[in-house]
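See below for the structure under consideration.
Protein chains: 2
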Amino acid sequence: MSLIVQKFGGTSVADPERIQNVAARVVETAKAGHRVAVVVSAMSGETDRLDTLAEQFGGREENPREYDVLVSTGEQVTIALLSMSIRQLGQPARSFTAAQMGLRTDAAHSRARIERIDREVLMATLEEGAVAVLAGFQGVDAEGNITTLGRGGSDTSAVAVAAAIEADVCEIYTDVDGVFTADPRVVPAARKLERISYDEMIEMASLGAKVLQIRSVRFAMRYDVPIHVRSSFHKGEGTWVVPEEEAMEGLVVSGVSFNKKEAKIRVRGVRDVPGVAARIFTPLSDVGIVVDVIIQNLSQDGATDLTFTVPRSDYARALQISQQSGESVGAEAVDGDDEIAKVSIVGLGMKDHAGVASRMFSVLADEGINIQLITTSEIKVSVVIEEKYAELAVRALHAAFVETGAAEPQAE
Amino acid sequence: MSLIVQKFGGTSVADPERIQNVAARVVETAKAGHRVAVVVSAMSGETDRLDTLAEQFGGREENPREYDVLVSTGEQVTIALLSMSIRQLGQPARSFTAAQMGLRTDAAHSRARIERIDREVLMATLEEGAVAVLAGFQGVDAEGNITTLGRGGSDTSAVAVAAAIEADVCEIYTDVDGVFTADPRVVPAARKLERISYDEMIEMASLGAKVLQIRSVRFAMRYDVPIHVRSSFHKGEGTWVVPEEEAMEGLVVSGVSFNKKEAKIRVRGVRDVPGVAARIFTPLSDVGIVVDVIIQNLSQDGATDLTFTVPRSDYARALQISQQSGESVGAEAVDGDDEIAKVSIVGLGMKDHAGVASRMFSVLADEGINIQLITTSEIKVSVVIEEKYAELAVRALHAAFVETGAAEPQAE
Chain S
3 MSLIVQKFGG TSVADPERIQ NVAARVVETA KAGHRVAVVV SAMSGETDRL DTLAEQFGGR
63 EENPREYDVL VSTGEQVTIA LLSMSIRQLG QPARSFTAAQ MGLRTDAAHS RARIERIDRE
123 VLMATLEEGA VAVLAGFQGV DAEGNITTLG RGGSDTSAVA VAAAIEADVC EIYTDVDGVF
183 TADPRVVPAA RKLERISYDE MIEMASLGAK VLQIRSVRFA MRYDVPIHVR SSFHKGEGTW
243 VVPEEEAMEG LVVSGVSFNK KEAKIRVRGV RDVPGVAARI FTPLSDVGIV VDVIIQNLSQ
303 DGATDLTFTV PRSDYARALQ ISQQSGESVG AEAVDGDDEI AKVSIVGLGM KDHAGVASRM
363 FSVLADEGIN IQLITTSEIK VSVVIEEKYA ELAVRALHAA FVETGAAEPQ AE
Chain H
3 MSLIVQKFGG TSVADPERIQ NVAARVVETA KAGHRVAVVV SAMSGETDRL DTLAEQFGGR
63 EENPREYDVL VSTGEQVTIA LLSMSIRQLG QPARSFTAAQ MGLRTDAAHS RARIERIDRE
123 VLMATLEEGA VAVLAGFQGV DAEGNITTLG RGGSDTSAVA VAAAIEADVC EIYTDVDGVF
183 TADPRVVPAA RKLERISYDE MIEMASLGAK VLQIRSVRFA MRYDVPIHVR SSFHKGEGTW
243 VVPEEEAMEG LVVSGVSFNK KEAKIRVRGV RDVPGVAARI FTPLSDVGIV VDVIIQNLSQ
303 DGATDLTFTV PRSDYARALQ ISQQSGESVG AEAVDGDDEI AKVSIVGLGM KDHAGVASRM
363 FSVLADEGIN IQLITTSEIK VSVVIEEKYA ELAVRALHAA FVETGAAEPQ AE
């Protein structure tokens with residue numbers, strides 16, 4: 003008998019029929035002799051409906067506390083309906099709001115962090131043989147105010163519950179079969195990974211792979227919760243997200259990803275003196291623009307270029323702000339480009355294999371693709387290139403690193 | 003400065019525009035220097051929408067606990083939106099679910115009774131100068147399970163809150179101007195009462211007047227909470243529901259009401275021995291049929307007739323059950339009639355004035371209306387007559403008792 007947490011997102015519970023499908027899956031697991039806690043999101047469309055209502059009255063920005071009171075009703079509806087559906091199949095079930103399971107967070111509305119969960123109340127229900135049906139996304143702060151974890155927060159709820167009850171696995175049900183070495187729509191040869199490490203998953207999530215919320219993976223890593231990303235449509239194995247020592251499939255590169263949602267801004271010829279970077283980036287963060295890649299070349303003659311990327315949706319505003327800041331620090335010019343793509347390779351194997359980055363550059367050069375920016379971490383290399391080459395680059399890198407399996411990369 | 007509880011029902015908060023109207027009214031009261039707690043229902047239509055969802059999974063009957071989890075989201079949405087709307091008008095406001103205000107009930111799902119409210123948490127908010135926006139209809143039991151008070155329970159929530167914080171008044175906003183001496187659609191001469199006693203209001207509610215839920219009036223009477231029933235469309239005074247000693251307008255009869263939603267069943271020629279009534283009525287209560295008026299004549303030759311009324315919607319079933327029971331107790335015959343109406347006069351003055359009942363019978367006789375059944379209480383006389391005479395009877399009784407003012411009734 004295992005202790006299993008199952009998480010189903012909004013599209014899996016979008017209507018009564020799909021809720022019945024989820025119930026059937028849960029009951030099957032319970033009847034197989036396991037103890038099951040299910041974490042669910044709001045029925046898809048529901049959060050948008052509530053959001054539209056809130057917009058009539060100033061929305062989330064003006065009313066952070068009341069907005070969370072409002073949108074948390076979405077998950078409360080789902081837990082009630084799913085509990086009913088499970089009970090209809092003859093399996094005892096009991097729903098829990100965040101308050102009822104003591105899911106305590108800090109007081110940061112709309113982006114709260116989980117602090118603790120009342121393990122006892124959940125275990126009492128599971129030990130009675132009932133399925134515990136839990137509202138994802140929501141929490142309560144120390145004062146009893148309702149909080150929410152931010153969109154996609156149900157993944158984090160599920161992992162936190164799994165950690166609290168020391169579950170054997172946290173199953174995340176999605177509309178894909180698992181985590182792939184690349185987007186199968188772009189790379190037909192992409193294959194599903196059997197296992198991936200927490201670190202790799204975090205890098206891939208930060209690069210735009212949407213199967214898991216990045217915060218939930220960090221949480222799982224910290225509390226050693228094995229995650230199983232699997233399909234809600236069939237019963238085959240998906241991808242296990244596990245500690246590094248269990249993750250090795252012998253691949254140097256586990257995944258190739260790309261992201262077309264960024265834009266590039268270049269501040270040319272700024273004096274290389276302390277405080278310049280702060281004067282460029284502070285005005286951007288003041289208006290909530292998140293800067294991703296930042297590159298500063300070594301200075302020549304006391305001047306340097308500063309290049310960075312921002313979300314493409316913020317491009318126009320970021321360019322305007324940067325032009326003002328550039329002027330105030332005496333930059334020669336500020337320009338930008340929103341037809342770029344970021345292409346990345348991710349793999350634990352890079353730690354032990356020299357030359358992965360330079361081989362990546364060779365592969366791109368062989369395809370005639372010019373590299374504009376480069377950033378690296380211990381297990382990732384990202385390059386910024388012209389947008390139109392994104393798919394070509396991904397396919398070439400996938401062929402060179404993944405399809406050749408675990409082969410030692412060529413020497414430099 | 004007064005401490006005021008205001009209650010708005012589902013039609014008053016049916017859409018964003020109406021919520022804004024309610025917010026304006028609340029803010030006006032607060033700006034006038036009063037402390038305000040507002041109790042609201044779900045937006046109209048919302049409970050039905052949730053009910054329809056629940057029906058897919060066995061509904062309330064099969065899932066009393068989860069049904070309450072589901073439908074209580076309706077009020078939670080309203081408190082969030084109304085708080086936002088009040089804040090938009092520059093007035094601080096803070097919403098409270100039942101759990102947050104410690105509105106504790108017993109564990110009877112869908113018909114829970116209020117046991118206590120956390121006075122301190124509400125007073126702290128009111129003393130800060132913020133409006134407390136409270137979810138009606140819902141509660142939590144001692145285990146933290148969500149309960150509901152039954153449809154119309156928001157009236158009771160409002161009165162309970164008013165009692166807990168010792169409010170100066172509990173204002174119930176409705177789509178009528180107050181409590182009338184008769185239904186103005188039937189009796190053009192009907193007039194709004196300035197004041198009515200709790201007892202009279204309870205009788206009138208039990209007779210079908212829909213302005214207040216009967217349980218809320220009992221609660222108000224027990225805790226001496228003055229209720230002000232008033233229009234949500236304009237600011238004129240409505241009707242005050244108050245203790246008997248403050249209620250007297252000098253009227254013998256305060257109201258004339260009628261009810262066409264009942265049917266009559268007669269069990270003829272049953273032996274007048276102990277246990278017969280139980281064998282007739284137990285099978286009815288076993289299936290949840292509520293019997294209203296019961297009449298048993300004195301027996302002649304050891305046999306008697308037993309006549310009673312049931313809700314018209316239960317008539318067919320009640321007749322069938324009664325025919326079986328009648329057979330088993332050796333009744334001569336069981337028949338019934340669903341074309342009846344109950345017409346009642348209500349008034350505290352009856353306590354001190356003899357002959358009100360017989361004058362009522364004379365008034366009806368003068369109109370050629372035959373009386374089928376009679377029941378009386380200390381402050382009420384009800385008669386059952388042919389349905390087609392209902393409006394005629396109401397108008398005649400209103401003319402005789404109300405339009406003549408406080409005149410002493412004719413001697414018998």
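Protein chains in written order, with our numbering: chain S, 3 to 414; chain H, 3 to 414. Glycine included, C-beta positions come from ideal geometry on N, C-alpha and C. Here the structure is a predicted model, which means the values were calculated and not measured.
Cβ separation of I267(H) and S324(H), assumed to be a contact under 8 Å, to the nearest whole Å: Looking up residue 267(H) in the second sequence gives position 265. Looking up residue 324(H) in the second sequence gives position 322. That belief holds up - the Cβ atoms of I267(H) and S324(H) are roughly 5 Å apart, short of 8 Å.
With 7 Å set as the bound, which would you pick, yes or no: does the beta-carbon of T284(H) sit closer than that to a beta-carbon of chain S? As a working mapping, residue 284(H) is identified with position 282 in the second sequence. With 7 Å as the cut-off, T284(H) does not count as an interface residue toward chain S.
Would you call the stretch 193-207 of chain S in contact with the stretch 342-359 of chain S, where contact means no fewer than 3 C-beta pairs closer than 8 Å? yes
Below 7 Å between beta carbons: does that hold for A100(H) and G154(H)? What you label residue 100(H) is simply residue 98 of the second sequence in a count that begins at 1. What you label residue 154(H) is simply residue 152 of the second sequence in a count that begins at 1. No, Cβ-Cβ distance for A100(H) and G154(H) is not below 7 Å.
Among residues of its own chain, excluding the 5 on either side of P313(H), which ones have a beta-carbon nearer than 7 Å to its beta-carbon? Here residue 313(H) is taken as the residue at index 311 of the second sequence, counted from 1. Around P313(H): K263, E264, V292.
Just to confirm before moving on: does the CB-CB distance between V386(S) and Q374(S) stay below 7 Å? Here residue 386(S) is taken as the residue at index 384 of the first sequence, counted from 1. Here residue 374(S) is taken as the residue at index 372 of the first sequence, counted from 1. Yes, Cβ-Cβ distance for V386(S) and Q374(S) is below 7 Å.
Cβ-based burial, R96(S) [other Cβ within 10 Å; buried from 16]: The sequence position of residue 96(S) within the first sequence is 94, counting from 1. Result: buried.
Where L300(S) falls, given that 16 or more other Cβ within 10 Å makes a residue buried: Reading the first sequence from its first residue, position 298 is the one you call residue 300(S). L300(S) should be labelled exposed.
On the criterion of 16 or more Cβ atoms from any shown chain inside 10 Å, does E329(H) qualify as buried, or is it exposed? One-based indexing of the second sequence puts residue 329(H) at position 327. Under this definition E329(H) is an exposed residue.
Taking only runs that begin and end inside the stretch 102-180 of chain H, name each unbroken beta strand (DSSP E) of 3 or more residues, in chain order. 116-118, 133-137, 140-142, 148-150, 171-176
Quick one: does Q93(S) have its CB under 7 Å from some CB of chain H? In the first sequence, counting from the first residue as 1, residue 93(S) sits at position 91. So, not an interface residue.
For L55(S), return the contacting residues in chain H, with the cut-off set at a CB-CB distance below 8 Å. Taking the first sequence and counting its residues from 1, the one referred to as residue 55(S) is at position 53. Those are P18, V79, L83, listed as they occur along chain H.
Identify the contact partners of F363(S) in chain H, using a Cβ-Cβ distance below 7 Å as the criterion. As a first step, residue 363(S) must be located in the first sequence, where it is residue number 361. What F363(S) touches in chain H: nothing, since even the nearest Cβ is about 53 Å away.
I want to see whether chain H comes within less than 7 Å of M86(S), judged by CB atoms only; does it? By one-based count along the first sequence, residue 86(S) stands at place 84. Answer yes: the Cβ-Cβ gap between M86(S) and chain H drops below 7 Å somewhere.
With 8 Å as the limit, tell me which residues of the stretch 218-237 of chain H have their beta carbon closer than that to any beta carbon of chain S; keep them in chain order. none
Give the residues of chain S in contact with R2(H), contact being defined as C-beta atoms less than 9 Å apart. An answer regarding residue 2(H) cannot be provided, because it is not within the stretch 3 to 414 covered by chain H.
Would E68(S) count as contacting chain H if we go by Cβ distances under 7 Å? In the first sequence, counting from the first residue as 1, residue 68(S) sits at position 66. Chain H, which has a Cβ nearer than 7 Å to the Cβ of E68(S), makes this yes.
Just to confirm my understanding: we take L72(H), look at its own chain, exclude 5 residues before and 5 after, and list those with CB closer than 8 Å. What are they? Here the question's residue 72(H) lines up with position 70 in the second sequence. Answer for L72(H): L52, L55, A56, listed in chain order.
Quick check: V163(H) and V38(H), are their CB atoms within less than 7 Å of each other? Taking the first residue of the second sequence as 1, we reach residue 163(H) at position 161. Taking the first residue of the second sequence as 1, we reach residue 38(H) at position 36. No.
Taking C-beta pairs closer than 8 Å, name the residues in chain H that V101(S) reaches, listed in chain order. In the first sequence, residue 101(S) corresponds to position 99, counting from 1. For the sequence presented, residue 101(S) should be read as Ala rather than Val. Going along chain H in sequence order, the residues near A101(S) (Cβ under 8 Å) are A101, G146.
When the Cα atoms are used, what is the spatial distance from M103(S) to L124(S)? Reading the first sequence from its first residue, position 101 is the one you call residue 103(S). Reading the first sequence from its first residue, position 122 is the one you call residue 124(S). Taking the straight line joining both Cα atoms gives about 7 Å.
Ignoring anything shorter than 4 residues or poking outside the stretch 6-70 of chain S, list the alpha helix (DSSP H) runs there in chain order. 18-33, 48-57, 61-64
Helix or strand or just coil, what does DSSP make of R193(H)? The sequence position of residue 193(H) within the second sequence is 191, counting from 1. Three-state DSSP puts R193(H) in coil, outside helix and strand.
Would you say N1(S) lies against chain H (beta-carbon separation less than 7 Å)? This structure cannot speak to residue 1(S), because chain S is shown only from 3 to 414.
Compare the C-beta of G60(H) against all C-beta atoms of chain S and say whether one is closer than 7 Å. Along the second sequence, one-based indexing puts residue 60(H) at 58. It does; some Cβ of chain S falls within 7 Å.
Can you tell me whether T150(H) is buried or exposed, with buried defined as 16 or more other CB within 10 angstroms of its CB? Walking along the second sequence from the start, residue 150(H) turns up at place 148. Label assigned to T150(H): buried.
CB contact check: Q90(H) to chain S, cutoff 7 Å: As a first step, residue 90(H) is located in the second sequence; it is residue number 88 there, counting from the start. True, the Cβ-Cβ gap to chain S drops below 7 Å.
With a threshold of 7 Å between beta-carbons, can T183(H) be considered close to chain S, or not? Position 181 of the second sequence, counting from 1, holds the residue named residue 183(H). So no, T183(H) is outside the interface.
Examine chain S for any beta-carbon lying closer than 7 Å to the beta-carbon of S97(H), and answer yes or no. As a first step, residue 97(H) must be located in the second sequence, where it is residue number 95. True, the Cβ-Cβ gap to chain S drops below 7 Å.
Here's the rule I'm using: 16 or more other beta-carbon atoms within 10 Å means buried, otherwise exposed. How should F235(H) be labelled? Counted from its first residue, the second sequence places residue 235(H) at position 233. Flag for F235(H) reads exposed.
By the criterion of Cβ-Cβ separation under 7 Å, what are the contact partners of V71(S) in chain H? Here residue 71(S) refers to the residue found at position 69 when the first sequence is read from its first residue. Ordered by position in chain H, the residues that pass the 7 Å Cβ test against V71(S) are Q78, I81, A82, S97.
By Cβ distance, which residues of its chain are closer than 8 Å to A26(S), with the 5 residues on each side in sequence left out? For the purposes of this step, residue 26(S) is taken as the residue at position 24 of the first sequence. Excluding sequence neighbours, A26(S) sits near L91.
Inter-residue spacing [alpha-carbon to alpha-carbon] between D70(S) and G290(H): Here residue 70(S) corresponds to residue number 68 of the first sequence, with the count starting at 1. Here residue 290(H) corresponds to residue number 288 of the second sequence, with the count starting at 1. If I take the Cα positions, the gap works out to 40 Å.
Taking the continuous alpha helix (DSSP H) assigned at Q322(S), which residues delimit it? Translated into the one-based positions of the first sequence, residue 322(S) becomes position 320. Run containing Q322(S): 317-330, per the alpha helix (DSSP H) assignment.
In whole angstroms, give me the CA-to-CA distance for R113(S) and V275(S). Indexing the first sequence from 1 puts residue 113(S) at position 111. Indexing the first sequence from 1 puts residue 275(S) at position 273. Those two C-alpha atoms are separated by around 36 Å.
Touching by the beta-carbon criterion (3+ pairs, under 8 Å), the stretch 217-227 of chain S and the stretch 270-284 of chain S: no
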